Amino acid sequence: MAYIEFDKKQLVNLSYSLNKELLRVNRKGSYSSTTLIRCNTRKYHGLLVAPQPTIDDELHVLLSAIDPTIIQHDAEFNFGIHQFPGGVFQPKGHKYVRELQSDPIPKITYRVGGVLFSVEMLFSSDADRIMLKYTLEDCNSETRVRLKPFLAYRQRHKLSKANEWVDTKYQVADNGVRFRMYQGYSPLYMQFSKKVEYVHVPDWYYNIEYSEEQRRGYDYKEDLFVPGYFEFPMKKGESVILSAGLEEIKTTGLKRAFGAELKKRIPRSSFKNCLLNSAEQFIQTRDGKTEVVAGFPWFGRWGRDTFISLPGLTLSTDNVKKCKAVLDTMSAELNGPLFPNIGSKHEASYNSIDAPLWYFWAVQQYAMHTDNYKQVWKLYGKKLKMILEGLRAGTEYNIKMHDNGLISGGEVGKALTWMDALSNGKAVTPRIGMPVEINALAYNAIQFTLELAKRFKDTEFIEEWQHIADGFPKVFTETFWDDKKGYLADYVNGDFKSWDVRPNMVFATSLPYNPLSLDKRQAVLRKIETELLTIRGLRTLSPKNKAYEGHYEGDQPTRDKQYHQGTVWPWLLGHYVEGYLKIHGKSGVRKMQWYIEQFEDVMLEHGIGSISEIYDGDPPHTARGAISQAWSVAEILRSIILVDKVLAGIDLNWKGGQL
């Protein structure tokens with residue numbers, strides 16, 4: 011039995027199978043995604059979703075779907091499925107599904123009468139191309155196969171409507187044809203491993219519905235263009251491979267290319283292997299830049315998410331080269347003391363107070379892993395000092411480091427921390443002033459840079475910053491701690507202190523340099539365990555708070571108000587695990603292992619083989635948001651490594667040497 015497997019009973023149940031999604035990503039930023047039964051429920055779904063740099067910096071859904079039909083004795087059995095108005099599903103191909111396995115690639119098998127027919131989906135790792143392997147595993151009589159492509163050719167956040175500007179023509183390619191719906195777009199080459207017949211009958215399919223978009227409060231009806239169909243005979247045991255890509259290939263090597271690509275795949279045969287596969291999907295290299303995609307299917311690159319997820323995505327697998335490539339890419343985009351939060355170049359937004367501080371942590375993790383401090387100082391030392399100096403001088407959004415080292419920032423209508431949801435132009439979780447995690451990160455940043463400066467005798471920096479580091483724990487404790495309450499304020503603004511119980515205080519227990527005494531770190535973790543800890547991560551607000559929201563659902567404005575008001579975020583668990591193990595060592599391993607192991611269940615729940623962005627605060631903690639999120643996967647992977655280190659007798663408490 012495969013690790014990832016679904017049977018007929020599960021697949022024909024639409025309420026089950028339509029809520030479970032497959033995702034495959036290449037190293038150039040393209041992806042392929044749909045549900046288990048190949049019925050698209052999101053505007054983001056598609057067999058080939060790829061960049062179109064001549065149009066914009068976004069991804070575009072080019073090939074939405076391909077419907078296969080088996081033909082025997084003039085009887086046709088269409089295995090496709092789409093949703094239309096009135097809750098109608100046509101052609102109802104799911105009723106023929108027998109099983110689906112995904113180890114290492116998705117393979118769906120259909121049975122109708124004496125016919126057993128399978129489709130395997132393999133996304134190229136280094137080209138914008140998907141390969142589909144159609145196999146007639148069993149049959150009793152002459153069989154023909156018809157494949158009908160559905161084209162969208164639109165930006166992934168938008169929807170296609172029938173129009174008169176579409177180019178309905180096609181051109182012949184090697185064992186296939188070439189389509190291009192609109193000028194400016196890349197052509198789509200659909201080519202086969204054997205000669206096939208193409209019948210050109212261009213038409214529109216109207217009002218295809220995407221139920222997930224409807225549920226999320228967005229437009230959800232689309233018209234898709236079908237240029238025609240391919241048809242060819244198949245014999246029992248025969249396989250035919252279809253390549254759908256942006257460049258023409260020589261089809262004589264198609265079967266060989268499929269086999270070579272398949273050998274690159276890590277088997278999805280265990281929980282950890284699923285995470286390793288998923289981790290690789292977030293890192294892309296394009297135009298000489300190596301970047302981290304925050305999540306699929308709708309996120310792009312985020313500065314904050316990049317630095318938080320980078321160690322888990324790369325160093326957990328000892329991929330030092332890729333970690334450095336991302337750090338180098340991001341280092342080049344530093345603007346004063348700030349990194350782009352989203353976007354790049356002239357479209358970049360620098361509205362993130364924490365991205366530069368997480369940069370210190372990412373560089374620090376790289377240094378600790380490689381033990382190559384000389385390289386780190388040479389490559390990143392000036393950047394680290396530039397950030398600290400820029401913060402002390404003050405920068406946009408009232409961000410400023412005070413003489414005692416504490417950082418404040420923010421302005422009305424802006425949300426500068428990771429709790430960044432806005433509703434009607436107002437921050438849902440306004441944290442103007444001194445957020446607790448920003449200042450825990452600031453202490454770690456100062457101490458780490460001092461550590462490097464001492465190694466390489468930068469006496470000027472030491473003289474300028476050592477006294478700030480020395481006094482920081484006392485100032486931090488006086489500012490955020492309350493003995494009677496027994497935990498840290500979430501943020502401080504002048505005389506006001508927010509005592510909402512939120513997870514941001516966890517970073518004062520987990521970072522290599524932390525400003526809290528042992529007893530206070532223990533108290534913080536107890537508070538988190540009592541009110542925030544779940545089997546899917548940490549809640550963003552205690553259920554005891556009147557503003558708590560236990561479910562994340564509804565339209566965009568409604569969900570924005572719930573995003574950080576109780577919703578569970580898996581990535582936070584990594585820092586809880588680290589803080590806990592630093593205190594308890596081996597005696598805390600079993601408890602932390604139990605929480606990590608709870609994520610094995612999610613491998614079959616939402617984004618198959620990956621971890622979602624968020625989960626409901628209330629049980630059963632239903633998966634929500636993006637189906638595969640970089641920092642969710644990264645921090646669970648890193649947690650596994652942390653446990654392994656403790657079991658190996660390594661003390662996680664930082665002493666200025668290699669862990």
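Every number in the numbering used here is 10 more than the matching position in the sequence shown, counting from 1. We put the beta carbon where it would ideally sit given N, CA and C, even for glycine. Note that the structure is a prediction, hence the values are computed from the model and not measured.
Item	Value
Helix, strand or coil at THR324 according to DSSP, with G and I counted as helix	helix
C-alpha gap between LYS495 and LEU535, whole angstroms	13 Å
Distance between GLY247 and ILE65 (C-alpha atoms, nearest Å)	43 Å
Any chain D beta carbon closer than 7 Å to ALA365	No chain D appears in this structure, which consists of one protein chain only.
HIS3 versus MET613 - alpha carbon distance	With the chain running from 11 to 669 in the structure shown, residue 3 is simply not present.
Through-space distance from THR316 to ASP672, alpha-carbon basis	Because the chain is modelled from 11 through 669, residue 672 falls outside the range shown and cannot be assessed.
Boundaries (first-last residue) of the beta strand (DSSP E) holding LYS117	116-122
Distance between ILE363 and GLU343 (C-alpha atoms, nearest Å)	15 Å
Uninterrupted alpha helix (DSSP H) stretches inside the segment 209-270 (no shorter than 4 residues)	221-225
As assigned by DSSP and simplified to three states, the class of MET80	The question names Met, yet the displayed sequence has Ile at residue 80. Note: ILE80 maps to strand in three-state DSSP.
Under the three-state DSSP convention, the category ALA342 falls into	coil
contact_flag[the segment 445-452, the segment 511-520] where n(CB pairs < 8 Å) is 3 or more	yes
Element boundaries [alpha helix (DSSP H), containing SER27]	24-27
Exposure of VAL182, with buried meaning 16 or more beta-carbon neighbours within 10 Å	exposed
Three-state secondary structure assigned by DSSP to PRO101	coil
Own chain partners of VAL71 with C-beta closer than 7 Å, once the 5 adjacent residues on each side are dropped	GLY56, VAL59, ALA162, ARG164, ARG166
GLY419 classed as buried or exposed, judged by whether at least 16 other C-beta atoms fall within 10 angstroms	buried
Beta-carbon proximity of ILE646 to ARG634, cut-off 7 Å	no
Buried/exposed call for VAL211, threshold 16 Cβ in 10 Å	exposed
LEU169 beta carbon less than 7 Å from that of GLU232	yes
Contacting residues, own chain, Cβ-Cβ under 7 Å from TYR180 (five flanking each side not counted)	VAL187, ARG188, PHE189, HIS210, PRO237
Buried/exposed call for SER326, threshold 16 Cβ in 10 Å	buried
Best match in GLY313, TRP175, TYR376 for proximity to SER354 [C-alpha to C-alpha]	GLY313
Residues sharing a beta bridge with ILE352, DSSP	TRP312, SER359
Opening and closing residue of the beta strand (DSSP E) in which ILE293 lies	293-296
Secondary structure of ASN503, DSSP reduced to three states	strand
Assigned exposure category for PRO116 - 16 Cβ within 10 Å defines buried	buried
Top-ranked residue by Cα proximity to TYR586, from LEU73, GLN572, ILE545	ILE545
Simplified DSSP assignment, three categories, for ASP529	helix
Start and end residues, beta strand (DSSP E) containing GLN93	92-94
Contacting residues, own chain, Cβ-Cβ under 7 Å from PHE309 (five flanking each side not counted)	VAL303, ALA636
Segments of 3+ residues assigned as beta strand (DSSP E) that fall wholly inside the segment 144-215	153-165, 181-183, 186-189, 198-202
N- and C-terminal bounds of the alpha helix (DSSP H) containing MET396	383-403
The segment 472-489 in contact with the segment 419-435 per 3-pair CB rule at 8 Å	no
Closest residue to ARG34 among ASP84, THR51, GLN375, GLY617 (Cα-Cα distance)	GLY617
Cβ-Cβ distance between VAL129 and TYR144 below 7 Å	yes
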